[in-house]
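Residue numbers (this note's numbering), protein chains in the order written: chain A, 37 to 287; chain B, 37 to 287.
Pasting the structure below:
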């Protein structure tokens, strides 16, 4: 019993850990006091230089554990041997959570679920707009979609560290879980009758946005409670997915 | 007198001509009947292949003039020797216009003016959202800003060919010209009191959006009639410029 509790606590912790890599990205994170950092990983093969020295002294002054690895081990940590430049950093994303915890702590909410958004630039912009707008969490599938990476962090202009993100290995199942909790799932369609602006949304609302070219997957589409439309001029058929997310975040 | 009229007619025509290059970009434009094409330029050094053959037969069936040049001349036409792949195409942007003509033909309007937006990806997204939304024209400076390029056309997902764009060599002067016509110039500021959603906009409205990092230039800021704010959560300081344009286009 104690073992499984320990396991779950550990899992909950590591669900919030993101490993970033590359000297500039790591440096920026170390310099930002608002980011919680777990560990700094350095390759023993690194040639000493000014930037590396500044990294270690920043880590020391922030009481961050520093670990030294051989090159191959560091690559296993960064998962990107080509671009890690011998440096990786475990960041704790305090705002990352799981769905059960979110549902227990929120009576009403607006959530954006991403069903297969693959472009990191778009994901970063979506996070930025959701953080600035009126969205309580982003549902992010762990498969078939862009994952949190240094590129996404950059495109989010640091807002990734402020935005609650809930990862899910099965978006359809998670949406059903939210529906059981009383949420309504809204999808966008150019055939829908209800204007996204005039719709009366429920207290527990989930907007699902689909892939950049394919749209929402069938399994998710089948769960939709209501379809809404963003009317467009000049025969334009669609908007960039990050723009769509922004219009919904600033409703 | 006749000469100057001819000159002005020629200038008005060439203001609307955009030269694109690269085999795929040219091919896509040739296949799109909604795009007006002036001339197809090919390098004499091109090795015959299926795609080039399809280009020339498409051009012939659309009665588009084909010109053959030596490699150096073609590069002068494409202005991009590295990426033209021996192919360039003069497109006529029917929706491009000049400010005088726009003012004469519009009693009320909403215009977005871009003051130094340098990222082609952002410019393309802005064009797409303005085309889909309620914006009558985009004011685009010819200096210190991203220009229409194949990258912009791609990011606009073809909406560039539908969106009225007015080029200006002096944005401040053009804004003053619009103000003389009765327009009000609105700029965004995080210190403004008026929420962008609750503001009562005039019939002739211009929103000015600034550079991605520097914001609006001083000369333009001084012309602002009113400041508006997009309120943001979680201490987020700014949105992507294309997102801001989209929120204004879908007001």
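Note that beta-carbon positions come from the ideal geometry of N, C-alpha and C, so glycine has one too. As the structure is a computational prediction, the values presented were derived from the model and not from experiment.
Residues of chain B with a CB under 7 Å from the CB of residue i: which are they?
{"i": "residue 152 of chain A", "result": "Neighbours of residue 152 of chain A on chain B: none; closest Cβ ~18 Å, over 7 Å."}
{"i": "residue 118 of chain A", "result": "Those do not exist, as residue 118 of chain A stays about 24 Å from chain B at its closest Cβ, beyond 7 Å."}
{"i": "residue 161 of chain A", "result": "276, 279"}
Going by DSSP, name the residue or residues bridged to residue i.
{"i": "residue 243 of chain B", "result": "B:148, B:222"}
{"i": "residue 80 of chain A", "result": "Its beta-bridge partners do not exist; DSSP assigns none."}
{"i": "residue 131 of chain A", "result": "BP columns for residue 131 of chain A are empty, so no partner."}
{"i": "residue 58 of chain B", "result": "DSSP lists no partner for residue 58 of chain B."}
{"i": "residue 203 of chain B", "result": "B:176"}
{"i": "residue 104 of chain A", "result": "A:78"}
{"i": "residue 72 of chain A", "result": "A:128"}
{"i": "residue 158 of chain A", "result": "According to DSSP, which records beta bridges pairwise, residue 158 of chain A is partnered with nothing at all."}
{"i": "residue 123 of chain A", "result": "A:78"}
{"i": "residue 263 of chain B", "result": "B:223"}
{"i": "residue 53 of chain A", "result": "A:128"}
{"i": "residue 231 of chain A", "result": "A:265"}
{"i": "residue 251 of chain B", "result": "B:247"}
Since residue i meets chain B, which of its residues come closer than 8 Å, beta carbon to beta carbon?
{"i": "residue 133 of chain A", "result": "By Cβ distance, chain B contributes nothing, its closest Cβ being about 15 Å from residue 133 of chain A, past 8 Å."}
{"i": "residue 228 of chain A", "result": "Result: empty, since nearest Cβ-Cβ is about 16 Å, beyond 8 Å."}
{"i": "residue 169 of chain A", "result": "268, 269"}
{"i": "residue 198 of chain A", "result": "270, 271, 272"}
{"i": "residue 195 of chain A", "result": "270, 272"}
{"i": "residue 283 of chain A", "result": "282, 283, 286"}
Quick one, are the C-beta atoms of residue i and residue j less than 9 Å apart?
{"i": "residue 114 of chain B", "j": "residue 77 of chain B", "result": "yes"}
{"i": "residue 278 of chain A", "j": "residue 165 of chain A", "result": "yes"}
{"i": "residue 287 of chain B", "j": "residue 275 of chain B", "result": "no"}
{"i": "residue 72 of chain B", "j": "residue 128 of chain B", "result": "yes"}
{"i": "residue 81 of chain A", "j": "residue 122 of chain A", "result": "yes"}
{"i": "residue 244 of chain B", "j": "residue 148 of chain B", "result": "yes"}
{"i": "residue 188 of chain A", "j": "residue 160 of chain A", "result": "yes"}
{"i": "residue 163 of chain A", "j": "residue 146 of chain A", "result": "no"}
{"i": "residue 150 of chain B", "j": "residue 125 of chain B", "result": "no"}
{"i": "residue 224 of chain A", "j": "residue 237 of chain A", "result": "no"}
{"i": "residue 156 of chain B", "j": "residue 191 of chain B", "result": "yes"}
{"i": "residue 219 of chain B", "j": "residue 195 of chain B", "result": "no"}
{"i": "residue 264 of chain B", "j": "residue 228 of chain B", "result": "yes"}
{"i": "residue 75 of chain A", "j": "residue 96 of chain A", "result": "no"}
{"i": "residue 79 of chain B", "j": "residue 51 of chain B", "result": "no"}
{"i": "residue 197 of chain A", "j": "residue 70 of chain A", "result": "yes"}
{"i": "residue 66 of chain A", "j": "residue 98 of chain A", "result": "yes"}
{"i": "residue 273 of chain A", "j": "residue 230 of chain A", "result": "no"}
Can you check which of these residues, the options, is closest to residue i by C-alpha distance?
{"i": "residue 152 of chain A", "options": "A:281, A:48, A:273, A:250", "result": "A:250"}
{"i": "residue 167 of chain B", "options": "B:150, B:201, B:206, B:155", "result": "B:201"}
{"i": "residue 144 of chain A", "options": "A:224, A:234, A:51, A:214", "result": "A:214"}
{"i": "residue 139 of chain A", "options": "A:96, A:210, A:98", "result": "A:210"}
{"i": "residue 154 of chain A", "options": "A:181, A:199, A:69", "result": "A:181"}
{"i": "residue 226 of chain A", "options": "A:206, A:208, A:266, A:234", "result": "A:266"}
{"i": "residue 59 of chain A", "options": "A:50, A:103, A:120", "result": "A:120"}
{"i": "residue 54 of chain A", "options": "A:42, A:268, A:272, A:133", "result": "A:133"}
{"i": "residue 207 of chain B", "options": "B:239, B:246, B:235", "result": "B:246"}
{"i": "residue 239 of chain B", "options": "B:253, B:142, B:268", "result": "B:142"}
{"i": "residue 199 of chain A", "options": "B:280, B:42, B:271, B:252", "result": "B:271"}
{"i": "residue 269 of chain B", "options": "A:285, A:268, A:280, A:258", "result": "A:285"}
{"i": "residue 136 of chain A", "options": "A:62, A:42, A:216", "result": "A:216"}
{"i": "residue 48 of chain A", "options": "A:260, A:281, A:131, A:222", "result": "A:131"}
{"i": "residue 91 of chain A", "options": "A:112, A:64, A:111", "result": "A:64"}
{"i": "residue 258 of chain B", "options": "B:280, B:212, B:85", "result": "B:212"}
{"i": "residue 112 of chain A", "options": "A:88, A:89, A:56, A:158", "result": "A:56"}
{"i": "residue 221 of chain B", "options": "B:260, B:281, B:88", "result": "B:260"}
{"i": "residue 193 of chain B", "options": "A:193, A:235, A:248, A:230", "result": "A:248"}
{"i": "residue 281 of chain B", "options": "B:89, B:158, B:254", "result": "B:158"}
{"i": "residue 61 of chain B", "options": "B:87, B:179, B:235", "result": "B:87"}
Taking Cβ-Cβ distances shorter than 9 Å, what residues in chain A pair up with residue i?
{"i": "residue 164 of chain B", "result": "272, 274, 275, 276, 279"}
Given 8 Å as the limit, tell me if residue i has its C-beta closer than that to any heavy atom belonging to the ligand FMN.
{"i": "residue 85 of chain A", "result": "Absence of the ligand FMN from the depicted structure is noted, as is the absence of any ligand whatsoever, leaving it without description."}
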